[in-house]
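Note sheet for the following structure.
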Amino acid sequence: MTKKLLSMLLGLTLAVTVLTGCGSAPEAGKAEEPAAEAGTEEASESEETAQSEEAAEGSKSYKIGFLAPTLQTEFFISIDDGLKTECANRGWEYVSVSFDNDSAKAVTSIENMVTGNCNVIIAMVSDSSCDSALADAQAAGVKIMECGVQTEVYDVCINTDQYAVGVQIGEMASEWINSQLGGAGKVVVYTTVQNQDMQNRGQGIQDAIAEKAKDAEILEVVDIGKDVVGAGTSTTENMLQKYPDLNCIVCYGDAAAVESMEAAKAAGVDTENFGIFSCDGTAQAMAGIKAGDPQKGTVMFTPLAPMMAEYAERVLNGETFDDVVTSETVSVTAANIDEYYTE
Amino acid sequence: MEQTKKTWVDYYKKFGIYIFLAVVFVFFAIFAPNFLSSNNVINILRQVSMFGIVVVGVSAVMIGGGMDLSVGGQMAVVGMILGYLMVNLNLGIVPAILIGILTGCIFGSLNGILAIKLHMAPIIVTLSMMLVLQGVAYLITGGYPITGMPEGFTRIGQGYIGIIPVPVIIFVLFVVFGWVVMNKTYLGRQIYALGGNKEAARLAGINVDRLTIFIYAFTGFAASIAAVIMVGRTNASQPGAGSSYPFDCMTAACLGGISISGGEGKISGVVVGVIILGILDNGLVLMGVNSNFQSVVKGLILLVAVAIDCYQGGKKKKIK
Amino acid sequence: MINLSFLIRQISLITLLTVGVSLEMIGGVIDLAFAAQLSASALIGIFLIAGGCPVWVGCIGILFFNFFLGFLKAVFLVKLRVPSIIFTLAMQVILSNFLLATVDYTGIVIPELRESYRGNIYIGMELAVTVLCVAGAFFFLEKTYYGKYCRMLGENLPLARESGVKCFGISVAVHLFASLFFSISAAFLMFRTGSSNSALGATYLYQILTAVFLGGVLPNTGKGRIFGMLSGALAVTLAVTFLTGSGYLYRFENILEGSIILVALALGVRKKNRESSP
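If you read the sequences in order, they're chains A, B and C. 1118 is the number of the first residue of the first sequence in the working numbering; add one for each residue after it. 156 is the number of the first residue of the second sequence in the working numbering; add one for each residue after it. 3 is the number of the first residue of the third sequence in the working numbering; add one for each residue after it.
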């Protein structure tokens, strides 16, 4: 019985894989031809326009693959949803995979996305361990877009200097400490050493506070660790216990920050003179800023998904990019919350 | 007549957990800043309350000879359902909580039914259920947390009655309930009998299948209560909630003297185990120790506790 | 062609891991720690290589570390009689968190290692090694007395003990042999990514367990055939490839894995009931 089930399952998976393999390959080929033709010098402009229109129609059948380190936090889920919408608007196919910080899975996922006939892979990798797989993908004709980390293999790279983001968070906090608390800030910094970027961000936070809020004291830098739900809550309760005069928490990300906000509220802190600052611009954090909760500021990235889709289209149309494209960030506080958040 | 010699293991079984509690408490009182204050003690109790409720349920299952690793997944799904009902469907707090608890009981019963039908290994059955439930929790909103619970709900997780946090009161009530059931009722006796020797229990007239389903349903009930408190505490339903619970619950239960093979262990011991883990977590954070190192310590504790339990089990068999 | 090479590489790795875990399962051990073992041993290999040692020394380091862990498993599971799932769960938690706590997290990346490993010749080599290992496992399981007693251990350890079988020795042999498979897998992963961190290979845990159950190797039965293991590994590889390419993997992976294990268990119980009924 088990053997029969097994053989059936095998047969089914094999059949489906073969069918998927045969699926979109010819269309992708068709898309590349008109694009190549449009690139060569043609006699008249009208002919060029006609052919680039053909290319545009052929390009409707592109397939985009998104590789994220995790699809379990709001930040990445919103990029995933955004990309899904962008692709649907353009009539493209879209798949997404999370590699859960496991580079072995990242390599396998890249290979499988190539097998699945993706035309562009948007890879938010953590380091250069996947470069060989990305190079193999490029050799197979797939365009690689890196976002968040710049390695040596990419056709276009969208990046933010994480250290600069950290500095921005720290500056936002310092401004508040100086204006609201007269500089007498007692700060705890939540960071994570999960990858180099976050380490850079954490360092940026500390450096900015040290520079802009000279009278403030950084009491402790806590590695809040993996995104375990409830870690922010219990760590904040413990920090409030350890440092009774704590009045500012600066986090590397909204996930821990919003938990801290709830814990601080529950502990009955003076919400006006207690500040929590972080990054990501999630809905819960923005709601807190609007409501006058301890959450006083967050750094929001300009929506990455439309930017990624736009550059994917451009790179598929043959554009090359020598420089890294920078994504903008904006500090959101009570002063400008209404521009970015409506209930 | 033979007088059985009391070995160090017997003394450990009786007093070890309390000695360990005292040692840990004194250690952190000396080395962790601000550890010894009424606020901190209340902190510790509040932090362990959700976890402790689930452990009471898991202990009942373990005493009955089974194991439940799916509690984390149950918490996640019940939490998401709670949030969905209250925020997306605007259902009232009380109906939402009742539906959540019912869902938890259903999941628990499902575990029990599977454990009976696939009696090969309840631990693997519940491990698989854990995977399935984790997946389901994500499907509910596509991974997004649900935030903005109705006014009044957060009092369950963040409120106080007097100086005692509400979660702690619920925890204490639960523990008392569990203690009374396991020690003062026929049901408790039957659970011990089931864990001690299933066949003998069946021959003694106990409906082992129904009892098994009931115990697992009780764990589901415990997980759903813990989910209600967690959502109240964080004001959000998270699909990833409870991911560390299977391991932590097993550690607390084994530390508290629950035997892996079933039929042995006390609720009082389990409570002490829970408190020890709570002190460890709290004290290590106060000392600034890396959170990963805390997990290493817990892993070592589980190993040692289970090794001693199994070593003694082996010795008992040899004497026979 | 390039797609075929991807497939071959993935199948090689998943087959190695499936056979290793299956061997342990046949011997009565449900191993939840092998994924953490992969990352820990690969990290040791990378440390050694990054510290200036030649590559073969790194590989030896991986081997010895896995052998040591395999030996520990035998000690705890047979001598101290700790239930396997709890021991391996504890070991997994200890290993993965110990790494996170002590290693300056980002892990180490050695680009030259990764670059020099590219090319079809290495894919062919991986396949050859895998075929050799599977043949070795077949020989071990079916043609040696270790394999025979391994099945006895898996089906009923107390009875095996009483019948005079050298349980500890057999267990050590099985675990060391399985550790060989884990070492080779860890080395492959290390070469492919030129790196290691505490999460390397972590996602294989439930995939491989699914492959093992799908291949008909169930706990406490002592039963399992190489053909079943290969089928399970192939099925899981193909399923993962298909699901990734169609975008359903992250949403349904957990549910599928849990469901498949439950179904496999159910089928196993039915088979057992049919066999034991008069």
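All residues carry an ideal CB built from backbone N, CA and C; glycine is no exception.
Secondary structure within the region 1288-1374 of chain A: the alpha helix (DSSP H) runs of 4 or more consecutive residues, fully enclosed, are 1313-1329 and 1348-1359 (chain order). The beta carbon of residue 181 of chain C lies closer than 6 Å to those of 68, 69 and 72 in the same chain, with the five residues before and after it left out.
Membership of residue 1396 of chain A in the beta strand (DSSP E) is indicated by the continuous run 1392-1396. Among the residues of chain A, none has a CB under 7 Å from the CB of residue 377 of chain B; the nearest is roughly 17 Å distant. For the pair of segments examined, the region 188-195 of chain C was found not to touch the region 222-231 of chain C: the number of CB pairs separated by less than 8 Å stays below three. According to DSSP, residue pairing for residue 1274 of chain A in a beta bridge involves A/1263. Contact between residue 249 of chain C and residue 1212 of chain A holds: CB atoms are separated by about 3 Å, below the 8 Å threshold. When CB distances to chain A are screened at a threshold of 7 Å, the residues of the region 252-265 of chain C falling below it are 252, in chain order. A Cβ-Cβ separation of about 11 Å leaves residue 136 of chain C out of contact with residue 25 of chain C under the 8 Å criterion. Put simply, of B/226, B/288 and B/370 the residue whose alpha carbon is nearest the alpha carbon of residue 381 of chain B is B/226.
Residues of chain B whose Cβ lies closer than 8 Å to the Cβ of residue 208 of chain C are, in chain order, 286. Residue 1395 of chain A is positioned such that its CB atom lies closer than 8 Å to that of residue 1415 of chain A. At least one CB atom of chain B sits nearer than 8 Å to the CB of residue 1355 of chain A. Per the DSSP secondary-structure output, residue 1417 of chain A pairs in a beta bridge with A/1447.
In the structure shown, residue 393 of chain B adopts coil according to DSSP, grouped into three states.
A straight-line Cα-Cα distance of about 36 Å links residue 1398 of chain A and residue 42 of chain C. Segment contact: the region 26-40 of chain C against the region 86-95 of chain C, three or more CB-CB distances shorter than 8 Å; contact assigned. Chain C places a beta carbon closer than 8 Å to that of residue 293 of chain B, counting this residue as a contact. Secondary structure at residue 248 of chain B: helix, using DSSP grouped into helix, strand and coil. Neighbours of residue 45 of chain C across chain A, judged by C-beta separation under 8 Å, do not exist; the nearest C-beta is about 12 Å away. Residue state for residue 318 of chain B is assigned as coil, using DSSP reduced to three classes.
The region 246-294 of chain B contains no complete beta strand (DSSP E) run of 3 or more residues. Counted as a single uninterrupted DSSP element, the alpha helix (DSSP H) harbouring residue 142 of chain C occupies residues 122-145. Residue 219 of chain B is not a Cβ neighbour of residue 389 of chain B, given a cutoff of 8 Å. Residues of the region 136-148 of chain C whose Cβ lies closer than 9 Å to any Cβ of chain A: none. For residue 28 of chain C, no chain B residue has a C-beta closer than 7 Å to its own C-beta; the minimum C-beta separation is roughly 15 Å. Within a 10 Å sphere around the beta-carbon of residue 1427 of chain A sit fewer than 16 other beta-carbons, which makes this residue exposed. By the Cβ test, the region 222-240 of chain B is in contact with the region 284-296 of chain B, since at least three Cβ pairs between them sit closer than 8 Å. For the pair residue 1308 of chain A and residue 1321 of chain A, the Cα-to-Cα distance works out to about 11 Å.
Residues of the region 196-207 of chain C whose Cβ lies closer than 9 Å to any Cβ of chain A, in chain order: 196, 197, 198, 199, 200, 201, 202, 203, 204, 205 and 206. Under the 10 Å beta carbon count, residue 374 of chain B is surrounded by 16 or more other beta carbons and is classified as buried. Taking CB atoms only, residue 1363 of chain A has no neighbour in chain B less than 8 Å away. By the C-beta density criterion, residue 193 of chain B is exposed, having fewer than 16 other C-beta atoms within 10 angstroms. With its beta carbon at least 8 Å from every one in chain B, residue 1303 of chain A lies outside the interface. Look at the region 70-83 of chain C: the residues with a C-beta under 8 Å from a C-beta of chain B are 78, 82 and 83. Residue 404 of chain B sits away from residue 287 of chain B, with the two beta carbons spaced by 8 Å or more.
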